[in-house]
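Counting along the sequence shown from 1, when you hit position 137 you're at 137 in full-length UniProt numbering, and nothing is skipped either side.
Here a beta-carbon is modelled for each residue, glycine too, at the ideal position from N, C-alpha and C.
The structure displayed is predicted, hence computed values, not measured ones.
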Amino acid sequence: MTRQAAPTSHFYTSLRMRLHYLDWGNSAAPTLILVHGGFDHARSWDWTARELSKDYHVIALDLRGHGDSAWSAEGSYMMANYVYDLAQLVEQLGREPVILVGHSLGGSIALRYAGLFPEKVAKMVAIEGLGLSPTRIAEYAGKPAPEQWLRWIEKRRARARQTRRHYPTIEAAVARMRERNDHLSVEQAMHLTIHGVNRNEDGSYRWKFDPYVYDPAPQAWNDEDLPQFWSRIACPTLLCLGLDSWASNPVKDGRAAHFQNARLVEFADAGHWLHHDQFDRFITELRGFL
Numbered sequence: 001m002t003r004q005a006a007p008t009s010h011f012y013t014s015l016r017m018r019l020h021y022l023d024w025g026n027s028a029a030p031t032l033i034l035v036h037g038g039f040d041h042a043r044s045w046d047w048t049a050r051e052l053s054k055d056y057h058v059i060a061l062d063l064r065g066h067g068d069s070a071w072s073a074e075g076s077y078m079m080a081n082y083v084y085d086l087a088q089l090v091e092q093l094g095r096e097p098v099i100l101v102g103h104s105l106g107g108s109i110a111l112r113y114a115g116l117f118p119e120k121v122a123k124m125v126a127i128e129g130l131g132l133s134p135t136r137i138a139e140y141a142g143k144p145a146p147e148q149w150l151r152w153i154e155k156r157r158a159r160a161r162q163t164r165r166h167y168p169t170i171e172a173a174v175a176r177m178r179e180r181n182d183h184l185s186v187e188q189a190m191h192l193t194i195h196g197v198n199r200n201e202d203g204s205y206r207w208k209f210d211p212y213v214y215d216p217a218p219q220a221w222n223d224e225d226l227p228q229f230w231s232r233i234a235c236p237t238l239l240c241l242g243l244d245s246w247a248s249n250p251v252k253d254g255r256a257a258h259f260q261n262a263r264l265v266e267f268a269d270a271g272h273w274l275h276h277d278q279f280d281r282f283i284t285e286l287r288g289f290l
């Protein structure tokens, strides 16, 4: 079957929310689901999806509050809801066991799903998706719970008073995109921006994601619980780390030891978005693993 040049757009319902995903065709092949990170969108996987759609039925979803998926009416983004959304998508596709590839927040979601439903995941790839390092978790856990709650309420009130940032031109939004990741080429940043913004009535641009995705509630998720999910994952797991990233090395800090069958690959000259920064090497490693 020849692969299609562009994906088709689809929607499904999860917890009464209308969520969006892209289907890259080749439906007879094994299903591979791409899960993007926070403040990102499904089209950030386009380069990866085009390459993999030769051999896999590639699905890329927009997380709730991101891309073309609906925003939470309460501005609440709980990890349990993200995981339920992925579980609902897998259930509706009906093609398990699936392959999961997740970046950052998307990796955390996919790893939790793989721990909950080990029989439904054939292989797991997490690009800096292990959450906070043990050191950061200890720092956060040391703060009294009321203090954490008060800080969150203050942040939410401040967020509600803020005016959403608008960009007068698409070029200004592209410049902001490259500020966040200076490894990006102009072409990459333009692609990510075009698919990551909506246009306002006055002609300016704003990012698609819900600003309330920032500052999740104190009870939204707890990284201390993650090893309990990791230890239940039965499939081979590939952990990816950019050497220019802020993320901690999971082998050195002990987190990789919680997995039954995991291997770490490090990417030089790559930051948190290593699948963009070192695309060719990422695809080579990914294909070798799959």
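Is the separation between the beta-carbon of residue i and that of residue j shorter than 8 Å?
i    : j    : result
C235 : F267 : no
L274 : K123 : no
P118 : I233 : yes
W152 : A217 : yes
G271 : D253 : no
V251 : L264 : yes
I194 : E51  : no
A110 : L89  : no
V98  : K120 : yes
D46  : H276 : no
I170 : Y212 : no
L286 : V125 : yes
A60  : Y84  : no
D269 : G65  : no
Y56  : A28  : no
So, is residue i buried or exposed, given that buried needs 16 or more other C-beta atoms within 10 angstroms?
i           : result
L15         : exposed
G255        : Contrary to the premise, residue 255 reads as Arg rather than Gly in this sequence. Buried, since its Cβ has 16 or more Cβ neighbours within 10 Å.
F11         : exposed
K208        : buried
G288        : exposed
Q162        : exposed
residue 363 : The requested residue 363 is not part of the displayed model; the chain covers only 1 to 290.
N198        : exposed
D225        : exposed
A114        : buried
P7          : buried
W149        : exposed
T31         : buried
V186        : exposed
S133        : buried
Q228        : exposed
S76         : exposed
S248        : buried
W246        : exposed
S53         : buried
N261        : exposed
Q112        : It should be pointed out that residue 112 corresponds to Arg in this sequence rather than to Gln. Answer is buried; the Cβ neighbour count reaches 16.
residue 298 : No answer is possible for residue 298: it lies beyond the span of the chain, which begins at 1 and ends at 290.
D280        : exposed
Q188        : buried
T48         : buried
A257        : exposed
Q278        : buried
A173        : buried
G142        : exposed
M196        : Note on identity: in this sequence residue 196 is Gly, with Met being the wrong assignment. Buried, because 16 or more other Cβ atoms sit within 10 Å of the Cβ of G196.
G242        : buried
Round the Cβ separation of residue i and residue j to the nearest angstrom and send it over; I've been treating them as touching at under 8 Å.
i    : j    : result
R36  : L63  : Note that residue 36 corresponds to His in the displayed sequence, not to Arg. About 7 Å; that satisfies the 8 Å criterion.
K155 : D223 : Contact flag wrong, Cβ pair sits at about 19 Å.
R176 : Y167 : 7 Å
Given 7 Å as the limit, tell me if residue i has its C-beta closer than that to any heavy atom belonging to the ligand ADP.
i   : result
T13 : As presented, the structure is devoid of all ligands, the ligand ADP included, so that no description of it is given.
Determine contact between the stretch 90 to 101 and the stretch 65 to 82, defined as no fewer than three beta-carbon pairs at a distance below 8 Å. no
Is it true that the stretch 128 to 135 meets the stretch 103 to 112, where meeting means three or more beta-carbon pairs spaced less than 8 Å apart? yes
Is the number of C-beta pairs between the stretch 42 to 50 and the stretch 172 to 185 that are closer than 8 Å three or more? no
Jot down the residue ranges of each uninterrupted alpha helix (DSSP H) in the stretch 52 to 108, minimum 4 residues, whole runs only, in chain order. 79 to 93
Alpha helix (DSSP H) runs contained entirely in the stretch 125 to 178, provided each spans 4 or more residues: 134 to 141 and 145 to 161
Could you tell me which uninterrupted beta strand (DSSP E) segments, each at least 3 residues in length, are contained entirely in the stretch 198 to 277, listed from first to last along the chain? 205 to 207, 237 to 242 and 262 to 267
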